[in-house]
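Following this note's numbering, the numbering of the sequence shown begins with 1197 at its first residue and continues without gaps. Notes follow once the structure below has been shown.
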Amino acid sequence: MPNKLKRTVFLVHWKAEEAGEKAKLLKNAGHDVVYRPITPAILKAMKTDPPDAVVIDLSRVPSQGREIAVNLRQAKATRHIPIVFVEGETDKLARIKALLPDAEYTTWENIKESLDKAIKYPPANPVAMKTVFDAYIGTPLFKKLGIVGNMTVVLIDPPSDHKKILGRLPAGSTAVTKLKKQNEFVIWFVRSSINLRKFGDYSRVAAKTGRLWVAWPKKSSGIVSDLSQTAVRRAGLATGMVDCKICAIDDTWSALLFTWPKDK
1197 MPNKLKRTVF LVHWKAEEAG EKAKLLKNAG HDVVYRPITP AILKAMKTDP PDAVVIDLSR
1257 VPSQGREIAV NLRQAKATRH IPIVFVEGET DKLARIKALL PDAEYTTWEN IKESLDKAIK
1317 YPPANPVAMK TVFDAYIGTP LFKKLGIVGN MTVVLIDPPS DHKKILGRLP AGSTAVTKLK
1377 KQNEFVIWFV RSSINLRKFG DYSRVAAKTG RLWVAWPKKS SGIVSDLSQT AVRRAGLATG
1437 MVDCKICAID DTWSALLFTW PKDK
């Protein structure tokens, strides 16, 4: 059980081996540390038993770290928890700072001073987020999806208005509907849980460094579907891929991004 005389810090990290080292740093700084993989149940538990601070490592999967922070800012019960972001690439940090200016930004070398400061001076008027998609307001779809110049985007079972949905693509990029043996960027539009049986087939044609977006109809879209984010995630994880980002494509479609783990 954590020592209540100490501050409890929840650590968010994407690699268990490294997380152990970082947890030790936090313990040496005088804190009780909780490290568990983030799940909806964990986020819900924070509402009734919030930690004194949340430390989010941005050296890996920064978009997912940002979304966790946005989740915390959505609920009144967790909105005032100090958030400390550690490390991260300069350009991605700049976007997160614009979104969450009341968080603390630091390095592992300076974590003790930054964490002490964040706990001592929690945000008085923290940014309140309505949804995790607030992080993407005003961002063109191709940027949200990660489409870059000279990229071939393969569409599987796209809707008839897919050109309108995708909008302008970066220079040199094209959208096609024919799969190759190995593909770097795929967007698969799924309408029924029966279709998820093909997840294994499509995962095998996703390159080891590739991206597979799986889109399903929103409940509010008017399209009859038995799909949910949980069902899509479960089907993807069963193939050995991991989900690392969620995106609102438009008013009709939501999507999860799946990639192969780096150690695969």
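We put the CB at the ideal spot given by N, CA and C, even for glycine.
What residue does the alpha helix (DSSP H) around residue i start on, and which one ends it?
{"i": "Ile1292", "result": "1286-1295"}
{"i": "Glu1217", "result": "1212-1224"}
{"i": "Lys1243", "result": "1236-1244"}
{"i": "Glu1300", "result": "That residue, Glu1300, is in no alpha helix (DSSP H); its beta strand (DSSP E) goes 1300-1302."}
{"i": "Ile1315", "result": "1307-1316"}
{"i": "Ile1264", "result": "1258-1270"}
{"i": "Ala1249", "result": "Careful: Ala1249 lies outside any alpha helix (DSSP H), inside the beta strand (DSSP E) at 1249-1253."}
{"i": "Ala1431", "result": "1425-1433"}
{"i": "Lys1339", "result": "1337-1341"}
Just to confirm the assignment, what range does the beta strand (DSSP E) spanning residue i have?
{"i": "His1227", "result": "1227-1231"}
{"i": "Thr1455", "result": "1449-1455"}
{"i": "Lys1202", "result": "Premise fails: Lys1202 is in no beta strand (DSSP E) and is neither H nor E."}
{"i": "Val1282", "result": "1279-1282"}
{"i": "Lys1441", "result": "1438-1444"}
Would you call residue i buried or exposed, if buried means 16 or more other Cβ atoms sit within 10 Å of its Cβ?
{"i": "Ile1279", "result": "buried"}
{"i": "Glu1367", "result": "Contrary to the premise, residue 1367 reads as Ala rather than Glu in this sequence. It counts as exposed."}
{"i": "Ile1234", "result": "buried"}
{"i": "Ser1310", "result": "buried"}
{"i": "Lys1200", "result": "A caution first: Lys1200 carries a pLDDT of 48, below 50, which makes its placement in the model unreliable, though a value can still be read off. So Lys1200 ends up on the exposed side."}
{"i": "Asn1379", "result": "buried"}
{"i": "Gly1216", "result": "exposed"}
{"i": "Glu1214", "result": "exposed"}
{"i": "Gly1284", "result": "buried"}
{"i": "Leu1433", "result": "exposed"}
{"i": "Val1372", "result": "exposed"}
{"i": "Pro1322", "result": "buried"}
{"i": "Glu1305", "result": "exposed"}
Would you please state the rounded distance, in angstroms, between the beta carbons of residue i and residue j? I believe it to be under 8 Å.
{"i": "Leu1469", "j": "Ser1389", "result": "The chain is shown only over 1197 to 1460; residue 1469 falls outside these bounds and no answer can be derived."}
{"i": "Ser1399", "j": "Thr1448", "result": "Wrong, their Cβ atoms sit about 24 Å apart, outside the cutoff."}
{"i": "Leu1408", "j": "Val1382", "result": "5 Å"}
{"i": "Ser1450", "j": "Lys1414", "result": "5 Å"}
{"i": "Ala1427", "j": "Leu1392", "result": "7 Å"}
{"i": "Val1251", "j": "Leu1295", "result": "The Cβ separation is near 18 Å, so there is no contact."}
{"i": "Leu1207", "j": "Val1230", "result": "7 Å"}
{"i": "Ile1352", "j": "Trp1384", "result": "4 Å"}
{"i": "Leu1452", "j": "Arg1429", "result": "6 Å"}
{"i": "Asp1228", "j": "Lys1211", "result": "Actually they do not touch by this definition, with Cβ atoms about 22 Å apart."}
{"i": "Ala1249", "j": "Ala1314", "result": "6 Å"}
Touching by the beta-carbon criterion (3+ pairs, under 8 Å), the segment 1430-1449 and the segment 1253-1266: Touching, per the Cβ criterion.
Meets three-Cβ-pair contact criterion under 8 Å: the segment 1356-1366 and the segment 1396-1408: Under the 8 Å Cβ criterion, the segment 1356-1366 does not count as touching the segment 1396-1408, having fewer than three qualifying pairs.
Stretch pair the segment 1236-1245 + the segment 1285-1294: three plus CB contacts closer than 8 Å: Verdict: no, contact absent.
Complete alpha helix (DSSP H) runs within the segment 1353-1420 (minimum length 4 residues, chain order): Within the segment 1353-1420, the complete alpha helix (DSSP H) runs of at least 4 residues are 1358-1362, 1395-1400.
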